[in-house]
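Each residue of the sequence shown is one higher than the one before, counting from 236 in this note's numbering. The C-beta atom is built at its ideal place from N, Cα and C for all residues, glycine as well. For reference, the structure is listed below as structure tokens.
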Amino acid sequence: MGSNEKNDLKSVSRLNVLLDMRGLGTIEYELVRHLAPFTINRVFNALPISDTVHFYDNKFVYIQTKLQVGAEKPRTSFKPGDLAFLTNSSSICFFLQECSVTPMNPMGMAKSSINLLSGIKVGSIMTLKK
């Protein structure tokens with residue numbers, strides 16, 4: 236199999252999504268199914284998800300959803316670029332810095348620079364889409 240053919244194959248265990256920040260640009264994220272398969276299926280099937288931006292103590296940016304998902308392989312430590320689901324507020328969280336927080340379902344990580352997140356303002360619109 237040639238290298239071009241390999242790159243064209245889609246993985247069922249890793250899903251690419253885009254975080255569109257209106258007026259700023261997009262960041263590519265990769266959802267990794269083995270981290271929280273049920274959570275990722277629910278989120279991926281609900282895309283696109285759009286909401287106003289919220290910040291938590293400059294540790295992460297999040298958007299709220301209407302999805303009801305329970306705890307699934309929760310973690311409390313995250314790095315910049317990580318993506319997680321906060322079950323108690325049905326929120327998708329995009330981490331800005333390394334931190335320890337309340338348990339969340341890990342979902343994946345950024346595949347491109349997250350520098351655009353530093354320019355986002357509270358109340359801006361973000362959309363996570365396929």
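- Beta-carbon to beta-carbon, I262 and L351 are separated by about 6 Å, close enough to satisfy the 8 Å threshold.
- CA-to-CA, the gap between L266 and L363 works out to about 12 Å.
- F295 places its beta carbon less than 9 Å from that of F313.
- With respect to the 9 Å criterion, V288 and K346 are not classified as neighbours on the basis of their beta carbons.
- Rounded to whole angstroms, the gap between the alpha carbons of C328 and V336 is 11 Å.
- Taking C-beta atoms under 8 Å as the contact rule, A271 and P315 fail to qualify, at a distance of about 19 Å.
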